[in-house]
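Quick note on numbering: numbering that gives the first Met the number 0 labels position 101 of the sequence shown as 100, and the sequence is numbered without any gaps.
Remarks on the structure that follows.
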Amino acid sequence: MESSPRQRSGLIALCMLVLILAADLGRSPVARSATGHKQRLPIVIGHRGASGYRPEHTLASYELAIDLGADFIEPDLVSTKDHILVARHENEISETTDVELHPEFADRMTTKVVDGDSITGWFTEDFTLKELKTLRAEERIPDIRPQNTAFNGLYEIPTLKEVIELAKRRGVGIYPETKHPTYFDGIGLSLEEPLVSALKANGYRGKRAPVYIQSFEVSNLIDLDGMTRVRLVQLVDEDGAPYDFVDAGDPRTYADLITRKGLAEIAGYADGIGPNKNLIVPRDEQNRLTKPTSLVRRAHKSELVVHAFTFRNENFFLPADFQRGDPESPFFLQAYGDGAAEYRLFYRLGVDGVFSDNSDTAVAVREEAFASALAF
Numbered sequence: 000m001e002s003s004p005r006q007r008s009g010l011i012a013l014c015m016l017v018l019i020l021a022a023d024l025g026r027s028p029v030a031r032s033a034t035g036h037k038q039r040l041p042i043v044i045g046h047r048g049a050s051g052y053r054p055e056h057t058l059a060s061y062e063l064a065i066d067l068g069a070d071f072i073e074p075d076l077v078s079t080k081d082h083i084l085v086a087r088h089e090n091e092i093s094e095t096t097d098v099e100l101h102p103e104f105a106d107r108m109t110t111k112v113v114d115g116d117s118i119t120g121w122f123t124e125d126f127t128l129k130e131l132k133t134l135r136a137e138e139r140i141p142d143i144r145p146q147n148t149a150f151n152g153l154y155e156i157p158t159l160k161e162v163i164e165l166a167k168r169r170g171v172g173i174y175p176e177t178k179h180p181t182y183f184d185g186i187g188l189s190l191e192e193p194l195v196s197a198l199k200a201n202g203y204r205g206k207r208a209p210v211y212i213q214s215f216e217v218s219n220l221i222d223l224d225g226m227t228r229v230r231l232v233q234l235v236d237e238d239g240a241p242y243d244f245v246d247a248g249d250p251r252t253y254a255d256l257i258t259r260k261g262l263a264e265i266a267g268y269a270d271g272i273g274p275n276k277n278l279i280v281p282r283d284e285q286n287r288l289t290k291p292t293s294l295v296r297r298a299h300k301s302e303l304v305v306h307a308f309t310f311r312n313e314n315f316f317l318p319a320d321f322q323r324g325d326p327e328s329p330f331f332l333q334a335y336g337d338g339a340a341e342y343r344l345f346y347r348l349g350v351d352g353v354f355s356d357n358s359d360t361a362v363a364v365r366e367e368a369f370a371s372a373l374a375f
């Protein structure tokens, strides 16, 4: 007989050291995780804003993430035709905007090869900023988040400049990601120079600045390490390889990046890793959690922070251990499971931050987990 999710959670808790908090006047609390690593409270990063509640990468989504307690907001960055950085998860925009409803742009539909994949649609680099500003954002996954479609057609595509202005006005950090950097380099619209220029112009300098730059590629982070002193984070996916490696014929994969040697190399140009959370707690073929890996501990030994992605409340995204409700219900995948239990697990494992679509849940569980530890 399989153990229940509650029993499994209890076993996990028994197998881990208790979190211990200490408060230092004038500084944020310090915790000791289950790995024994001394850390500040984990940061909550509003993943594409509050994308669990609003169409992603809109000022409304970022603003809501801040209202819900996010410490950082995350704009993914791509370039326009006139080399302005805007917030989109990818440069093909038909899934997240109403571009298909604009007959004046019908002839912009085309097929391109991006990171080795043939993609048909409309691409940001074929539009000026003025043209992109006539489009409106739409919910990416309406089948899972139908409630968010109520906001379709309301919000513009924001620029990096607008995101920075919002973050500074609200007193939170920014966590930009360079999307498809090899591709954009190849078409003469590199992302790094305008990003660094914008950061410097807004006073983001040095390791204490409230900013991290992240990338799934390696070479552009190495370039950025020579261009700026702000903190850099190497993203690491569950499978595959950085596209710049693929493009250069380098046989290394993401798995190679998280070996002891790989982590040591990352520490030479970056300040942290952003791993797919399945690299920390894998899932089996039945979508159930298995034994945690040593990745968090090994990254910390290399003096790298660990910011895991992506945390979402819906059953569709959760491991079977934390899914709730009737699997036969047509609304099961849309329904919220026990997302709080997932946050508790990863906080106990010592992650230094979480990318969350639901910042309110991430913040509430953080407060609960660390307040409980303080009582011991």
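Note that beta-carbon positions come from the ideal geometry of N, C-alpha and C, so glycine has one too.
Keep in mind it's a predicted model, so treat the numbers as computed, not measured.
Distance check between Q322 and each of E341, V305, V304 places E341 closest, using alpha-carbon atoms only. Under the three-state reduction of DSSP output, Q146 falls in the helix class.
Within the same chain, I143, L332, Q333 come within 8 Å of F315 by CB-CB distance, once the 5 residues on both sides are set aside.
Taking the Cα positions, V210 is about 35 Å away from T109. Taking C-beta separations shorter than 6 Å and ignoring five residues to either side along the sequence, the partners of E91 in its chain run I118, G120, F122, following chain order. Between I83 and G48, the gap from beta carbon to beta carbon reaches 8 Å or more. Counting other Cβ atoms within 10 Å of its Cβ, R204 stays below 16 and is therefore classed as exposed.
Counting every other CB atom within 10 Å of its CB across the protein chains shown gives V235 a total of 16 or more, marking it as buried. In its chain, beyond the 5 residues on either side, L198, Y203, R204, G205, K206, A208, V210, Y211, I212 have a beta carbon closer than 8 Å to the beta carbon of V229. In this structure, S358 and G45 form a Cβ contact; the two beta carbons are roughly 5 Å apart against a cut-off of 8 Å. Between D356 and R311 a beta carbon distance of about 5 Å is seen, short of the 8 Å cut, so the two are scored as contacting.
When DSSP states are grouped into helix, strand and coil, P274 belongs to the strand group. Look at T119 here: in three-state DSSP terms it is strand. Just so you know, the alpha carbons of T96 and K300 end up roughly 43 Å apart. Put simply, the stretch 57-66 touches the stretch 163-173. At least three CB pairs are less than 8 Å apart. Less than 8 Å divides the Cβ of T309 from the Cβ of F354. For the pair N286 and F330, the Cα-to-Cα distance works out to about 19 Å. Within the stretch 207-241, the runs of alpha helix (DSSP H) that reach at least 4 residues and sit entirely inside it are, in chain order, 218-224. If you ignore the 5 residues before and after R139, its C-beta comes within less than 7 Å of the C-beta of E55, E94, T95, all in its own chain and listed in chain order. Contiguous alpha helix (DSSP H) elements confined to the stretch 320-363 occur at 338-347, taking only those with 4 or more residues. Where I83 is concerned, there is no enclosing alpha helix (DSSP H), because DSSP gives it neither an H nor an E. Counting of Cβ neighbours within 10 angstroms places E216 among the buried residues, the total reaching 16 or more. According to DSSP, E176 shares a beta bridge with D75, Q213.
Residue environment analysis places L100 among the exposed positions, since fewer than 16 neighbouring C-beta atoms fall within 10 angstroms of its C-beta.
Judged by DSSP secondary structure, I163 falls outside any beta strand (DSSP E) and instead within the alpha helix (DSSP H) spanning 159-169. It is roughly 45 Å from the alpha-carbon of L256 to the alpha-carbon of E103.
Counting only the Cα atoms, L231 lies some 40 Å from G324. When DSSP states are grouped into helix, strand and coil, R311 belongs to the coil group.
According to the DSSP assignment, G261 belongs to the alpha helix (DSSP H) that extends over 259-265. Comparing alpha-carbon positions, the option among A69, A136, S214 lying closest to L40 turns out to be A69. In the assembly as shown, A149 is an exposed residue. Its beta-carbon has fewer than 16 other beta-carbons within 10 Å. Distance check between I156 and each of R87, A247, E327 places R87 closest, using alpha-carbon atoms only. For H46, the beta-bridge partners assigned by DSSP are E73.
The shortest CA-to-CA distance from A363 to any of N147, V350, L348, G338 is the one to G338. The alpha-carbon of L317 is positioned some 14 Å away from that of I279. Contact annotation: V98 and L128 have beta-carbon atoms that are not nearer than 8 Å.
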